[in-house]
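Presented below is the structure to which this report refers.
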Amino acid sequence: MRATIRPYQHGDLASILQLWEQTGSVPVGHDGLTLDQAVELMNANPPLTLVAEREGDTVGVAIGGVVGALGWIYRLTVAPDGDVAEVSRELISELELKLAEGGARKVATVMEQDSGSLAVLARYGYAAAGTMRYLERPLPAIGAAAPAALEELGAHMIGPGLWDELRGLDEAKQIIERRVILPLAEPNLAARHGVSPPRAIVLFGPPGTGKTTFAKGIASRLGWPFVEVEASEIAGEGPEREAKLLAESFTRARTDLASAVVFVDEVEDLASARTDERKVSPSVTNEFLKQIPRMREHPEHLLVCATNWVRRLDPAFLRPGRFDHVLPVGAPDAEARRAIWSRYVGEITDEPIDVDELAAESDLFTPADIEFAARKAAQRAFEREHFEGPTHRAAQEDFLHAISSTRPSLSTEILDSFSEDVARFARY
Ligand SMILES: Nc1ncnc2c1ncn2[C@@H]1O[C@H](COP(=O)(O)OP(=O)(O)O)[C@@H](O)[C@H]1O
Ligand SMILES: [Mg+2]
3 MRATIRPYQH
13 GDLASILQLW
23 EQTGSVPVGH
33 DGLTLDQAVE
43 LMNANPPLTL
53 VAEREGDTVG
63 VAIGGVVGAL
73 GWIYRLTVAP
83 DGDVAEVSRE
93 LISELELKLA
103 EGGARKVATV
113 MEQDSGSLAV
123 LARYGYAAAG
133 TMRYLERPLP
143 AIGAAAPAAL
153 EELGAHMIGP
163 GLWDELRGLD
173 EAKQIIERRV
183 ILPLAEPNLA
193 ARHGVSPPRA
203 IVLFGPPGTG
213 KTTFAKGIAS
223 RLGWPFVEVE
233 ASEIAGEGPE
243 REAKLLAESF
253 TRARTDLASA
263 VVFVDEVEDL
273 ASARTDERKV
283 SPSVTNEFLK
293 QIPRMREHPE
303 HLLVCATNWV
313 RRLDPAFLRP
323 GRFDHVLPVG
333 APDAEARRAI
343 WSRYVGEITD
353 EPIDVDELAA
363 ESDLFTPADI
373 EFAARKAAQR
383 AFEREHFEGP
393 THRAAQEDFL
403 HAISSTRPSL
413 STEILDSFSE
423 DVARFARY
């Protein structure tokens with residue numbers, strides 16, 4: 003049966019990803035495009051991507067585009083197990099027609115020297131252009147990282163500033179910087195010293211201490227996309243289907259992106275020692291355990307799991323073969339609180355503020371509590387001006403009032419049990 007050629011639709015993405023996977027176009031194709039770049043081109047406006055379909059299967063895809071008089075074939079992929087020549091011919095001739103309709107008077111493409119697509123194209127009159135050289139230079143990820151494509155892949159970029167915005171917590175920050183970020187950012191130097199970059203880590207600590215922020219900070223620092231795999235998203239589908247959906251989430255995170263920080267929050271819901279403390283069925287937990295070694299095979303993917311309840315986790319879950327580091331993210335000390343307060347005070351007011359006093363008064367506050375109290379002080383000053391007429395911005399008294407009316411998340415019991423957890427579980 004002949005393949006039918008039709009325009010690409012969003013629903014084709016999954017089968018196209020499969021096709022690319024099957025033909026070795028992931029993470030980088032013979033055309034030099036990474037997956038997110040190819041997806042971005044596929045979603046370009048006006049759209050110029052054609053899909054070849056035979057008996058419901060996607061057997062080919064051609065991504066094209068027109069820039070003025072020049073038409074491009076950005077990517078041509080055909081399933082190896084069908085009639086490659088026939089499907090290629092149909093895709094190329096249909097695409098050429100579309101390019102010509104779009105105003106192109108010449109078609110160009112970029113291919114690796116000895117790729118199969120090059121041979122196919124040669125058969126249709128495409129020839130290397132004399133002494134011409136293809137040049138390229140990658141642009142930094144900021145802004146250029148195809149937000150629409152990433153979103154379609156369930157990922158997003160975190161601005162480069164987040165890591166530096168994380169104040170205080172210097173100890174946790176330094177450990178992560180040295181053990182996690184540097185070996186990933188400098189793989190060659192790490193290899194020279196026999197240091198293997200981490201593939202998976204666990205962050206643990208009381209709620210609001212900054213675990214999620216750290217995970218995003220790592221992505222920000224590395225310039226890698228951030229993808230969250232959420233157990234809650236797959237809940238309610240029945241154990242079999244949930245396990246399948248979980249596997250799909252991880253597979254996509256691994257294959258759709260050349261690099262990524264893959265984040266699993268509240269990992270105790272998936273991996274508590276006691277079944278009744280999990281939010282998922284045993285088959286989902288098993289699937290999750292199976293996915294960890296697969297994640298570990300990908301050096302440019304870092305799995306970050308976070309938990310508020312490290313002692314609930316199955317001790318076997320935390321073993322070194324699975325996770326390279328188990329890192330505590332604890333309560334901010336006075337120094338860290340001062341740094342966090344300074345950040346918010348600077349945003350909220352230009353009145354003179356005694357940050358040392360705020361830090362002293364906010365013992366047992368997490369960074370999240372400090373943020374909350376700081377917003378409260380700002381709100382108080384705002385309301386004062388609204389109801390009583392022009393006045394100064396938030397002052398010391400507003401901050402102290404906000405602190406005394408905010409219940410700290412931490413307690414000495416929580417801190418004691420965290421210290422025990424650090425002694426029992428931390429490993430870095
Ligand atoms: N070191 C820090 N400096 C400034 N703000 C922080 C810091 N750590 C956390 N925050 C803020 O506190 C809030 C809670 O942090 P989050 O990462 O969600 O905690 P967790 O995941 O541990 O519960 C966030 O709004 C974050 O912006
Ligand atoms: Mg969190």
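In terms of my numbering, the sequence shown is residues 3 to 430.
Quick reminder that beta carbons are idealized off the backbone N, C-alpha and C, glycines included.
Just so you know, these numbers come straight off a predicted model, no measurement behind them.
When you compare each of P369, T393, G34, A336 to R139 by their alpha carbons, which one comes out closest? Position 137 of the sequence shown, counting from 1, holds the residue named residue 139. Considering only alpha carbons, the answer is G34.
Please state whether DSSP places R429 in a helix, a strand or coil. Position 427 of the sequence shown, counted from the first residue, corresponds to residue 429. Strand.
Buried versus exposed call for G145 [16 or more other C-beta atoms within 10 Å across all chains shown]: Translated into positions along the sequence shown, residue 145 becomes position 143. Confidence at G145 is low in this model, with a pLDDT of 44, below 50, so its placement is unreliable and no value can be given for it.
Is it right to say Q115 is buried, meaning 16 or more other beta carbons lie within 10 angstroms of its own, or is it exposed? In the sequence shown, counting from the first residue as 1, residue 115 sits at position 113. Per the 10 Å Cβ criterion, exposed.
Taking the runs of the alpha helix (DSSP H) that are 4 residues or longer, which of them lie wholly in the stretch 48-130? 86-103, 118-125
Selection from H303, E363, D352, T36 that minimises the alpha carbon distance to P185: Within the sequence shown, the letter at position 183 stands for residue 185. Here the closest residue by C-alpha is H303.
Smallest Cα separation from G163: which of A361, F216, V312? Walking along the sequence shown from the start, residue 163 turns up at place 161. Checked all of A361, F216, V312; the closest Cα to G163 is F216.
Same chain, Cβ closer than 6 Å to G219, five either side skipped, listed in chain order: One-based indexing of the sequence shown puts residue 219 at position 217. These residues qualify, in order along the chain: L164, W165, L168.
Less than 6 Å separating the Cβ of K292 from some heavy atom of ligand 2? Indexing the sequence shown from 1 puts residue 292 at position 290. Flag unset: Cβ of K292 not near ligand 2.
Spatial neighbours of S413 within its chain, please: C-beta separation below 8 Å, excluding the five flanking residues on both sides. Taking the sequence shown and counting its residues from 1, the one referred to as residue 413 is at position 411. So the list reads L366, once near-sequence residues are dropped.
Taking 6 Å as the cut-off, does the CB of T414 come closer than this to any heavy atom belonging to ligand 2? For the purposes of this step, residue 414 is taken as the residue at position 412 of the sequence shown. Not so, every heavy atom of ligand 2 lies at least 6 Å from the Cβ.
For the pair the stretch 300-316 and the stretch 347-365, tell me if three or more CB-CB distances fall below 8 Å. no
Mind checking L19: buried by the 16 CB within 10 Å criterion, or exposed? Translated into positions along the sequence shown, residue 19 becomes position 17. Buried, since its Cβ has 16 or more Cβ neighbours within 10 Å.
For M3, I'd like the list of residues in its chain whose CB is within less than 8 Å of its CB, leaving aside the five on either flank, ordered along the chain. By one-based count along the sequence shown, residue 3 stands at place 1. The residues are R56, E57.
Identify, in the order they occur along the chain, each residue of the same chain with its Cβ nearer than 6 Å to the Cβ of D400, setting aside the five sequence neighbours on each side. Locating residue 400 in the sequence shown gives position 398, where the first residue counts as 1. Excluding sequence neighbours, D400 sits near A379, R382, A383.
Is it the case that the Cβ atoms of V204 and F325 are separated by a distance below 7 Å? For the purposes of this step, residue 204 is taken as the residue at position 202 of the sequence shown. For the purposes of this step, residue 325 is taken as the residue at position 323 of the sequence shown. Yes; because the gap between Cβ atoms is below 7 Å, this pair is in contact.
Under a Cβ-count criterion, where at least 16 other Cβ atoms within 10 Å of its own Cβ denotes burial, should V266 be classed as buried or exposed? Taking the first residue of the sequence shown as 1, we reach residue 266 at position 264. Its Cβ being crowded by 16 or more others within 10 Å, V266 is buried.
With C-beta atoms as the reference, is L272 less than 7 Å away from T287? Position 270 of the sequence shown, counting from 1, holds the residue named residue 272. Position 285 of the sequence shown, counting from 1, holds the residue named residue 287. The answer is yes: Cβ separation under 7 Å.
Note down the Cα distance separating V63 from I7, rounded to an integer number of angstroms. Position 61 of the sequence shown holds residue 63. Position 5 of the sequence shown holds residue 7. Answer to the nearest angstrom: the Cα atoms are 9 Å apart.
Measuring CB atoms only, is the stretch 24-33 touching the stretch 79-90, in the sense that at least three cross pairs come out at less than 8 Å? yes
Since G118 and G73 should fall inside the 8 Å C-beta cutoff, what is the C-beta to C-beta distance between them, to a whole number of angstroms? In the sequence shown, the residue the question calls residue 118 occupies position 116. In the sequence shown, the residue the question calls residue 73 occupies position 71. At roughly 22 Å, the Cβ-Cβ gap does not stay under 8 Å, so G118 and G73 are not in contact.
Under 7 Å between C-beta atoms of K213 and V30: As a position in the sequence shown, residue 213 is number 211, starting the count at 1. As a position in the sequence shown, residue 30 is number 28, starting the count at 1. Taking 7 Å as the Cβ cut-off, K213 and V30 do not qualify as a contacting pair.
Close-in-space but distant-in-sequence residues of the same chain around K246 (CB under 6 Å, 5 per side omitted): Counting from 1 along the sequence shown, the entry for residue 246 is found at position 244. Correct list: empty, nothing qualifies.
How many Å lie between K100 and L50 at the Cα? Taking the first residue of the sequence shown as 1, we reach residue 100 at position 98. Taking the first residue of the sequence shown as 1, we reach residue 50 at position 48. Their Cα atoms are separated by approximately 8 Å.
Any heavy atom of ligand 2 closer than 6 Å to the CB of K213? Taking the sequence shown and counting its residues from 1, one reaches residue 213 at position 211. Yes - ligand 2 has a heavy atom lying nearer than 6 Å to the Cβ of K213.
Determine the direct distance from the alpha carbon of P200 to that of E188, and round the result to whole angstroms. The count along the sequence shown starts at 1 and reaches residue 188 at position 186. The count along the sequence shown starts at 1 and reaches residue 200 at position 198. Cα to Cα, the separation comes out at about 12 Å.
Runs of alpha helix (DSSP H) wholly within the stretch 129-217 (minimum 4 residues, chain order): 143-146, 149-154, 164-167, 172-177, 184-187, 189-194
R296 to L248 span [Cα, whole Å]: Here residue 296 refers to the residue found at position 294 when the sequence shown is read from its first residue. Here residue 248 refers to the residue found at position 246 when the sequence shown is read from its first residue. Spanning the two alpha carbons is a distance of roughly 13 Å.
When DSSP labels each residue in this structure, what does V424 get in the three-state scheme? On the sequence shown, position 422 is the one that residue 424 refers to. Helix, per DSSP.
Label M159 either buried or exposed according to how many other C-beta atoms from any shown protein chain fall within 10 Å of its C-beta, with 16 as the threshold for buried. As a working note, residue 159 is residue 157 in the sequence shown. Buried, by the Cβ-count rule.
Contacting residues, own chain, Cβ-Cβ under 6 Å from E397 (five flanking each side not counted): Taking the sequence shown and counting its residues from 1, the one referred to as residue 397 is at position 395. A small fix is needed here, since residue 397 is Ala in this sequence, not Glu. Cβ neighbours of A397 beyond the five flanking positions: E353.
Can you grab the Cα-Cα spacing for the pair P48 / E279, in whole Å? In the sequence shown, the residue the question calls residue 48 occupies position 46. In the sequence shown, the residue the question calls residue 279 occupies position 277. Cα to Cα, the separation comes out at about 50 Å.
Taking only three categories from DSSP, how would you classify P330? Start at 1 with the first residue of the sequence shown, and residue 330 comes out as number 328. Looking at P330 - three-state DSSP - the assignment turns out to be strand.
Which residue's Cα is closest to the Cα of A275: L259, P317, L402? Position 273 of the sequence shown, counted from the start, is the residue given in the question as residue 275. Selected option, being the one with the closest Cα: P317.
Following a CB-centred definition, is L168 positioned closer than 6 Å to any heavy atom of ligand 1? Locating residue 168 in the sequence shown gives position 166, counting from the first residue. True, at least one ligand heavy atom lies under 6 Å from that Cβ.
Would you decide whether L360 is buried or exposed? Buried here means 16 or more other CB atoms lie within 10 Å of its CB. In the sequence shown, the residue the question calls residue 360 occupies position 358. So L360 counts as buried.
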